[in-house]
Amino acid sequence: MYQPLADLLRPTTLDEVYGQEHILGKQGVLRRLIDSGNIPNMIFYGPSGTGKTTVANIIAKQTNRTLYQLNATTASTGDIKNIVAQLDTFMAPNGVLLYLDEIQSFNKKQQQTLLEYIENGKITLIASTTENPYFYVFNAILSRSTVFEFKQISREAALQAIRRAVAFLEKRTALTAQPEEGALEYIAGACGGDLRKAMNAVEVLFSVGVPQGDKLPITLSDAQAVTQKSAMRADRDGDNFYDLLSALQKSIRGSDPDAAVHYLGRLLEAGQMQSACRRLMVIAAEDVGLAYPMVIPIVKSCVDMALMLGMPEARIPLGDAAVLMATSPKSNSGHIALDEAMADIRKGRGGDFPRHLQNVHADTYTMEREQGYLYPHDFPNHWVKQQYLPDDLVGTVYYHYGSNKLEQAAKQYWQAIKGE
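The numbering used here puts the first residue of the sequence shown at 5, with every later residue one more than the last.
Structure, rendered in structure tokens:
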């Protein structure tokens with residue numbers, strides 16, 4: 005019976021788990037917790053192929069507990085009850101360790117079914133999810149569990165695992181692998197931190213390779229063919245998609261054009277051009293804003309051009325937009341001013357309009373015909389001092405000039421005119 009290489013090489017001890025030293029290193033909290041034998045209910049959160057299932061298996065082995073595995077995408081409440089029925093029997097003398105994969109797929113009622121059993125300790129729950137548990141797992145479960153985050157496997161850790169896989173297959177096939185320079189390193193980078201994908205790629209390379217005597221060449225072109233787009237994790241409904249958008253915006257906000265084009269490229273490679281376009285327009289107004297207001301119509305034009313062209317040509321104007329904004333001066337003064345004003349509005353501040361700001365046509369059928377409004381264009385420099393805010397907000401300052409050249413020039417202009 006065929007068994008995937010990833011399963012054949014699944015670690016059996018914590019020392020063999022790659023890339024999670026922050027929780028499984030000698031001083032890692034999860035490592036010390038497992039060594040103590042006192043296993044609480046836990047939630048493992050992180051990308052696919054980072055060792056969540058493997059660690060659950062190791063915990064079951066070290067604590068001598070019966071391990072049951074369910075996938076929440078297909079499991080039902082009945083499956084949980086079937087497991088409960090085996091408690092206190094010879095099948096589970098030390099209690100049950102339940103590994104529930106993709107717990108975010110369980111609805112609230114299904115998650116609540118677990119509560120009475122995990123609270124009395126007869127079922128120890130280890131739930132895993134690729135989504136942020138604080139958003140997708142109900143509080144009743146979350147408050148009774150300890151969350152451990154599994155990080156994306158680094159390229160270096162992935163390369164270690166790949167070399168171990170190559171050594172294993174060399175022994176099994178009696179062939180000596182001869183990887184072309186950069187081939188294994190390419191797999192390590194292209195697997196996107198998913199060791200399962202890396203193992204699958206190595207296995208395919210050994211299957212399609214043409215032996216030359218007792219040697220097996222592994223070419224870079226073959227490595228590229230079996231790992232194409234494997235690093236592009238950007239599911240529209242997943243955390244990684246929103247992480248990419250966030251990374252793009254924060255890189256542009258942080259004025260790093262290299263990181264900006266990297267994350268933009270990942271979105272485009274993942275087929276998320278429209279989402280990238282929308283985020284670029286948000287960034288133009290939110291992060292560059294009044295420091296260079298002309299960037300807003302420029303970015304809008306780049307987006308329009310991209311949507312008209314489609315990929316792959318769309319990358320050209322979008323790349324221009326990302327680099328332009330990353331290298332532009334930044335200001336968030338405009339939208340911060342509005343946010344502060346809206347916060348006051350939600351608090352109930354701001355009474356009636358000053359009389360002189362009301363619509364003049366509203367006076368047609370009243371006795372009060374004169375508003376007292378001063379028309380600024382009738383005065384020098386098109387400005388005259390008068391009240392605009394409601395009475396209870398007079399003196400409130402929402403807008404603070406940004407430190408960029410454009411806003412500072414405007415500040416100096418109005419200080420001179422207003423005599424401030």
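Quick reminder that beta carbons are idealized off the backbone N, C-alpha and C, glycines included.
Considering just the uninterrupted stretch of the alpha helix (DSSP H) at residue i, what are its terminal residues?
i, result
"A345", "337 to 350"
"K175", "159 to 177"
"K219", "Run containing K219: none in the alpha helix (DSSP H); it sits in the beta strand (DSSP E), 219 to 222."
"T57", "56 to 67"
"D382", "Careful: D382 lies outside any alpha helix (DSSP H) and carries neither H nor E."
"C306", "299 to 313"
"E273", "261 to 273"
Step through the CB atoms of chain B and report whether any lies within less than 8 Å of the CB of residue i.
i, result
"D262", "The structure shown contains no chain B; it holds only a single protein chain."
Here's the rule: buried if 16 or more other CB atoms are within 10 angstroms of the residue's CB, otherwise exposed. What is residue i?
i, result
"N86", "exposed"
"P301", "exposed"
"A238", "Note that A238 scores 49 on pLDDT, short of 50, meaning its location in the model is unreliable and no value can be drawn from it."
"G41", "exposed"
"K214", "The sequence shown places Val at residue 214, rather than the Lys named in the question. Exposed, by the Cβ-count rule."
"S3", "This structure cannot speak to residue 3, because the chain is shown only from 5 to 424."
"G399", "exposed"
"M329", "buried"
Could you give the residue range of the beta strand (DSSP E) that holds residue i?
i, result
"N75", "70 to 75"
"A181", "180 to 183"
"A131", "127 to 133"
"E3", "Outside the displayed range of the chain (5 to 424) lies residue 3, so it cannot be described from this structure."
So, for residue i: in the same chain, excluding its five sequence neighbours on each side, which residues have a beta-carbon less than 7 Å away from its beta-carbon?
i, result
"H404", "S337"
"D226", "L209, V212"
"K304", "M285"
If you reduce the DSSP assignment to three classes, tell me which class residue i lands in.
i, result
"F245", "helix"
"Q362", "coil"
"V100", "strand"
"E372", "Unreliable placement is indicated for E372, whose pLDDT of 48 sits below 50; the coordinate value is still reported in the next sentence. Coil."
"V230", "helix"
"M46", "strand"
"Q412", "helix"
"P321", "helix"
"N124", "coil"
"Q419", "helix"
Please list, in chain order, all residues of the same chain as residue i whose beta carbon is under 6 Å from its beta carbon, the five residues on each side excluded.
i, result
"D243", "For D243, the pLDDT reaches just 48, beneath the cut-off of 50, and the residue's location in the model is therefore unreliable, leaving the point undetermined."
"F142", "K112, Q115"
"R257", "D291"
"M309", "P321"
"L173", "F210"
"P394", "G354, G355"
Apart from the five residues on each side of it in sequence, which residues of its chain come closer than 8 Å, Cβ to Cβ, to residue i?
i, result
"E123", "R148"
"P380", "H386, W387, V388"
"T426", "No answer is possible for residue 426: it lies beyond the span of the chain, which begins at 5 and ends at 424."
"A419", "Looking at the sequence provided, one finds Gln at residue 419 rather than Ala. Closer than 8 Å at the Cβ level, and outside the excluded window around Q419, lies no residue."
Where DSSP assigns a beta bridge to residue i, which residues make up the other side?
i, result
"D105", "N75, S132"
"Q114", "Q114 is not bridged to any residue."
"Q216", "K219"
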